[in-house]
Amino acid sequence: MPPTHLTPAKPDAVVPVEAVTPLMRGITVLHRLTEAGGTSSLSGLEKATGLARSTVDRIAATLARMGYLRLDGRDAVLAPRLMELGNAYLAALRLPRLLDTRADALADELDESVSLAVADRDGIRFIHQATRRRAMSLSFRIGDLLPAERTAPGPLFATEWTPEDWARWRDRRSADPRDRGFPAVPPREHPTGHFAEQPLEHLTGGEEFEERTREAGARGWALDDQLIEPGLVAVSVPVREPGGRVACVVSVVSHTSRHTADSLRDTMLPRLRSTVRAMERDLRTERDLREAPTQPPAASTGPTGPAGLAGLSGLATWTGASKQELGREFIESLARGLTVITAFGEGRAELTLTEVATATGLARATARRALITLEHLGHVTAHGRTFTLTPRVLALGFPPLSRTTLPQIAAPHLADLAGRLHDSASLAVLAGDEIQYTARVATSRIMSVNITVGTRLPAYATSLGRVMMAGLPPAERGPFLTGRHALTPHTVTDPAALAAILDHVRQAGYALVDGELEEGLRSIAVPVRDRTGRVVAAVNVAMHSSRRTVEQCAAEVLPELSATAGLIEADLRVAGRFTRVRVA
6 MPPTHLTPAK PDAVVPVEAV TPLMRGITVL HRLTEAGGTS SLSGLEKATG
56 LARSTVDRIA ATLARMGYLR LDGRDAVLAP RLMELGNAYL AALRLPRLLD
106 TRADALADEL DESVSLAVAD RDGIRFIHQA TRRRAMSLSF RIGDLLPAER
156 TAPGPLFATE WTPEDWARWR DRRSADPRDR GFPAVPPREH PTGHFAEQPL
206 EHLTGGEEFE ERTREAGARG WALDDQLIEP GLVAVSVPVR EPGGRVACVV
256 SVVSHTSRHT ADSLRDTMLP RLRSTVRAME RDLRTERDLR EAPTQPPAAS
306 TGPTGPAGLA GLSGLATWTG ASKQELGREF IESLARGLTV ITAFGEGRAE
356 LTLTEVATAT GLARATARRA LITLEHLGHV TAHGRTFTLT PRVLALGFPP
406 LSRTTLPQIA APHLADLAGR LHDSASLAVL AGDEIQYTAR VATSRIMSVN
456 ITVGTRLPAY ATSLGRVMMA GLPPAERGPF LTGRHALTPH TVTDPAALAA
506 ILDHVRQAGY ALVDGELEEG LRSIAVPVRD RTGRVVAAVN VAMHSSRRTV
556 EQCAAEVLPE LSATAGLIEA DLRVAGRFTR VRVA
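In my numbering, the protein residues as written are 6 to 589.
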């Protein structure tokens, strides 16, 4: 049996006549790449999907043109821009935006990991994680799918299951008793937890899970006593919509070296319930605001694409240009079908066919076929005349990409920059009054700048440091300006002179340092900003002074450097919308 989360919404459903086959195949490739951790050889995808190699190559070329993956030799690698599909679901869901601050605060207060999960058929899927950074830490990611019966949230969601839901759950347990269709959890080799003494066949029958569900309904909370794997314990409480249905479940998660399941419940449940009550107040307030008279939501602006695509209204023009550029290697129906997902978002949780067609610029017939296909695959559900996204959209690359770091985002862009300029390119962050290199692409010149990732240098004498110092409020720059010493005859050390330089850098948007760190070393840097506009890092190009004059650096290197920073920032905006992107 194929993994549960790859099957259609209805396991026995016949493929609709109007389904878009290239879209189905493209989504299969994305699922397999997600299962593989975000990277796979093209030959590996051929074997995993059963598709012809020529089909895999065309799908990969199309997704690369969309910026959803990049081709690294013979490997396909998921790219951060793919996260805009999952972002569309999370924005439409609205729960992360409303509740994540309270979840984070609870994690800080309890010094334990806290997660938010929603139901995905007979499983649960995480939509927010506030984890503790310890040697023993949790590896679950946003978008990961877990079987309901092996979690604390599962019984709480199951209290609302219909007889059909229970029948589907039993069928799945019977066909996959070891949970091999859930890559995020270890296969169930032996029963664990409180019911470990019972044979696996008994657990497959459902009596234990049904009992846990009845208890959860009566108590209003549920425990996971090492059901996922030995050592992991959790306590969960549902967050209910104003109408009473479970909107999501909040869990406090720990391990047995810190708590037993019972001590976790006794210690954490009162504070967890208090947070849930506050979350439910937030939902009521949001509902009241949403139902108040207001202007209709604006249409989606959609993806911007790697080459600066127009908004979704220009989709037909863009796909036509891409088809002309790549020829038969570009699959228009795949690109347009995936773009339908991005028509949804905040204020656009439910859309009619007409609204999807208008937002995307697609013909109604094209949008309709895409929606039929996405519904068959379980990524969209229909409610009368309207459509909504399902949590399964998060299976399109979100889990591996949700742990993407800024150095990982920057690396391919730095490689492209270094390849164009034939000089080294680097990314760095501030570490105290020093800079620390976190990503770097060197050149193969006989004489080149020899710096490795992890190297620290004084911020005041580097272009990277000055760009980041200039991004600080003037009141916070003081410690960077005093007590400096000359590293070369050209090093600026006077506090007033350094302050003036930083003011100029802030205004100009770049810093150029010539021989102040080391004789003959010339570098130019620009800032990297996050979604809020805050400078979180900087990128630079460094060279020997004989390579280019100062004027050539400004005229030739700066435009390329600024464009690279813009690409990094665009990926960072997508990746950081619902996840925390580590900058180092």
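Positions of the beta carbon are idealized from the N, C-alpha and C atoms, including for glycine.
Since the structure is predicted, the reported quantities are computational estimates derived from the model, not experimental observations.
Between H490 and the set M473, D421, E521 and G483, the nearest pair of CA atoms involves E521. In this structure the stretch 398-408 touches the stretch 148-163; the number of beta carbon pairs closer than 8 Å is three or more. Assigned with DSSP and collapsed to three states, G49 falls in helix. Residue range L150 to P152 is occupied by the beta strand (DSSP E) that includes P152. Here G488 carries a coil assignment [DSSP, helix/strand/coil]. Taking the Cα of E337 as reference, the smallest distance to any Cα among E296, L320 and R155 is reached at L320. Cβ neighbours of S550 within its own chain (closer than 6 Å, five residues either side excluded): G525 and R527. Separation of T487 and L503 (C-alpha to C-alpha, rounded to the nearest whole angstrom) is 9 Å. Just so you know, the alpha carbons of T156 and R137 end up roughly 19 Å apart. Take the alpha-carbon of I32 and the one of A505: they are about 54 Å apart. For V190, the secondary structure class from DSSP, reduced to helix, strand or coil, is coil.
Contact check for M474 and L507: beta-carbon distance about 6 Å, within the 8 Å limit, so the pair qualifies. Selection L399, D428, E380 and G581 evaluated against V20 yields E380 as nearest (Cα-Cα). The criterion of a C-beta distance shorter than 8 Å is satisfied by F162 and V254.
Excluding the 5 residues flanking it on each side, R107 has same chain C-beta neighbours closer than 8 Å at T280, A283, M284 and D287, in chain order.
Within the stretch 341-417, the complete alpha helix (DSSP H) runs of at least 4 residues fall at 358-365, 369-381 and 403-406. Take V34, set aside five residues on each side of it, and the residues of its chain with a beta-carbon closer than 7 Å to its own are L50, T54, V61 and I64, in chain order. Note: T44 is bridge-paired with V82 in the DSSP secondary-structure output. Per the C-alpha coordinates, the member of L74, I132, R86 and L121 positioned closest to R397 is I132. Between the beta-carbon of A543 and that of A433 there is about 6 Å, and that keeps the pair under the 8 Å contact cut. Here L277 carries a helix assignment [DSSP, helix/strand/coil]. Note on geometry: alpha-carbon atoms of L76 and V82 lie some 6 Å from one another. For T443, there is no enclosing alpha helix (DSSP H); the enclosing beta strand (DSSP E) covers residues E439 to V446. The C-alpha of P168 lies about 36 Å from the C-alpha of D109.
Each of S567, A135, P494 and A124 was checked against the Cα of T584, and the nearest Cα belongs to A135. DSSP places L435 in the strand class (E or B) of the three-state scheme. Note on geometry: alpha-carbon atoms of V123 and Y94 lie some 12 Å from one another. Per the coordinates, the alpha-carbon of V579 lies some 18 Å from the alpha-carbon of A589.
DSSP, reduced to helix, strand and coil, places L121 within a strand of the structure shown.
DSSP lists A543 as the bridge partner or partners of P532.
The alpha-carbon separation between H495 and A464 amounts to approximately 15 Å.
By the neighbour-count definition (other C-beta atoms within 10 Å, threshold 16), S241 is a buried residue.
Looking only at G43, G72, T537 and S59, the smallest Cα-Cα distance to A340 is reached by G72. If you check the CB distance, V518 and A466 come in under 8 Å.
For P182, the closest C-alpha among the options R126, L577 and R193 is that of R193. Between the C-alpha atoms of A180 and L577 there is a straight-line separation of about 41 Å.
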